[in-house]
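Protein chains in written order, with my numbering: chain A, -7 to 207; chain B, 12 to 21.
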Amino acid sequence: MNIFRFAGDMTHLASVLVLLLKIHTIKSCAGVSLKTQELYAIVFATRYLDIFTDFISLYNTFMKLVFLGSSFSIVWYMRSHKIVRRSYDKDQDTFRHYFLIVPCLLLAMIINEKFTFREVLWTFSLFLEAVAILPQLVLLQRTRNIDNLTGQYIFLLGAYRAFYIFNWIYRYFTEPHYVHWIPWIAGLLQTLLYGDFFYYYFHSWKNNKKLQLPA
Amino acid sequence: FQSPPQKDEL
Chain A
-7 MNIFRFAGDM
3 THLASVLVLL
13 LKIHTIKSCA
23 GVSLKTQELY
33 AIVFATRYLD
43 IFTDFISLYN
53 TFMKLVFLGS
63 SFSIVWYMRS
73 HKIVRRSYDK
83 DQDTFRHYFL
93 IVPCLLLAMI
103 INEKFTFREV
113 LWTFSLFLEA
123 VAILPQLVLL
133 QRTRNIDNLT
143 GQYIFLLGAY
153 RAFYIFNWIY
163 RYFTEPHYVH
173 WIPWIAGLLQ
183 TLLYGDFFYY
193 YFHSWKNNKK
203 LQLPA
Chain B
12 FQSPPQKDEL
């Protein structure tokens, strides 16, 4: 464990807590893409298949349970909670996320470290996480105005993977033979996808005005 | 026998 990875995990934890807080307290999911939340639930379900077989540490197991629990409960809230579901804008949240799942699965079957069931699904979860934010970013551009909590959620979600990139650089230089191109490239692409959001988020924060992405 | 490097990251 290094400071970059710990900062990344805490930022990731903060992002899901901000979203859960928003949905649970104001009982609204306005501006939040259910498709992105469903993709994240799939990401965690396929990445943490080893949760009961490989014990790494209490921290590792605890965080996996938190991420699994929060992502599935957010999906449940947005789909089934009688009040929250009314604020879900399904007419705007139309990104065909199945067009993301299939290519990621095919790619994971071609590019992986070992062609086994768990390894292919683990690789699939990395590719899927890299593009999971797309429905949310498309929804933002459609709905134009977004509330602060949703903006903070996306910012934290992007920042966590940026911290992980520093973690991978650190581990590359401190641990011999620590080379994993697949998460590195997927993580880099994921962070780049947030590029323009970060740009507009920073400018809205600097000029202290409402965050608006260009149409 | 080197055990496979575990996936210790989240």
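Cβ coordinates follow ideal geometry from the N, Cα and C atoms, glycine included.
Computed from a predicted structure; not experimentally measured.
Integer Cβ distance of residue i from residue j, believed to fall under 8 Å
i, j, result
"alanine 122 of chain A", "leucine 41 of chain A", "With 8 Å as the limit, alanine 122 of chain A and leucine 41 of chain A do not qualify as a contact, their Cβ atoms being about 19 Å apart."
"aspartate 85 of chain A", "leucine 149 of chain A", "Wrong, their Cβ atoms sit about 17 Å apart, outside the cutoff."
"arginine 213 of chain A", "arginine 71 of chain A", "Chain A is shown from -7 up to 207; residue 213 of chain A falls before or after that span and cannot be answered."
"lysine 27 of chain A", "histidine 73 of chain A", "In fact, because the Cβ distance is near 17 Å, the residues do not count as touching under 8 Å."
"alanine 154 of chain A", "tyrosine 32 of chain A", "Contact flag wrong, Cβ pair sits at about 17 Å."
Inter-residue Cα distance where the pair is residue i and residue j
i, j, result
"serine 62 of chain A", "glutamate 167 of chain A", "32 Å"
"phenylalanine 64 of chain A", "serine 25 of chain A", "14 Å"
"leucine 203 of chain A", "arginine 163 of chain A", "36 Å"
"glutamate 210 of chain A", "leucine 129 of chain A", "Coverage of chain A is limited to positions -7 through 207, which leaves residue 210 of chain A absent and any answer about it impossible."
"isoleucine 177 of chain A", "tyrosine 152 of chain A", "15 Å"
"phenylalanine 87 of chain A", "tryptophan 68 of chain A", "19 Å"
"proline 175 of chain A", "threonine 115 of chain A", "8 Å"
"leucine 50 of chain A", "leucine 60 of chain A", "15 Å"
"isoleucine 43 of chain A", "threonine 53 of chain A", "6 Å"
"isoleucine 157 of chain A", "arginine -3 of chain A", "9 Å"
"proline 95 of chain A", "asparagine -6 of chain A", "33 Å"
"phenylalanine 91 of chain A", "leucine 97 of chain A", "11 Å"
"glutamine 133 of chain A", "alanine -1 of chain A", "29 Å"
"histidine 172 of chain A", "arginine 110 of chain A", "16 Å"
"valine 10 of chain A", "valine 58 of chain A", "13 Å"
"alanine 6 of chain A", "isoleucine 103 of chain A", "31 Å"
"methionine 101 of chain A", "leucine 113 of chain A", "9 Å"
Classification of residue i by the beta-carbon crowding that lies within 10 angstroms, buried from 16 upward
i, result
"serine 117 of chain A", "buried"
"phenylalanine 36 of chain A", "buried"
"phenylalanine 12 of chain B", "Here phenylalanine 12 of chain B scores only 47 on pLDDT, less than 50, and its place in the model should not be relied on; the value that follows carries that caveat. So phenylalanine 12 of chain B counts as exposed."
"lysine 82 of chain A", "exposed"
"phenylalanine 119 of chain A", "buried"
"arginine 39 of chain A", "buried"
"threonine 142 of chain A", "buried"
"leucine 13 of chain A", "exposed"
"tyrosine 170 of chain A", "exposed"
"asparagine 159 of chain A", "buried"
"threonine 108 of chain A", "exposed"
Selected residue, minimal CA-CA separation from residue i, among the options
i, options, result
"aspartate 188 of chain A", "A:His4, A:Ile93, A:Leu126", "A:Leu126"
"isoleucine 15 of chain A", "A:Ile177, A:Tyr145, A:Ile161", "A:Tyr145"
"histidine 4 of chain A", "A:Ile103, A:Gln133, A:Met55", "A:Met55"
"glutamate 35 of chain B", "A:Phe47, A:Arg136, A:Val112, A:Thr183", "Given a span of 12 to 21 for chain B in the structure shown, any question on residue 35 of chain B remains unanswerable."
"isoleucine 75 of chain A", "A:Asn159, A:Ile103, A:Ile18, A:Leu99", "A:Ile18"
"tyrosine 191 of chain A", "A:Phe165, A:Phe147, A:Val171, A:His169", "A:Phe147"
"threonine 135 of chain A", "A:Asp1, A:Ile34, A:Ser20, A:Pro206", "A:Pro206"
"aspartate 244 of chain A", "A:Tyr193, A:Ile93, A:Lys198", "What the structure shows of chain A is the stretch from -7 to 207, and residue 244 of chain A is not part of that stretch, so it cannot be assessed."
"serine 196 of chain A", "A:Gly179, A:Asn137, A:Leu184, A:Leu185", "A:Asn137"
"alanine 22 of chain A", "A:Tyr80, A:Thr45, A:Asn200, A:Leu184", "A:Tyr80"
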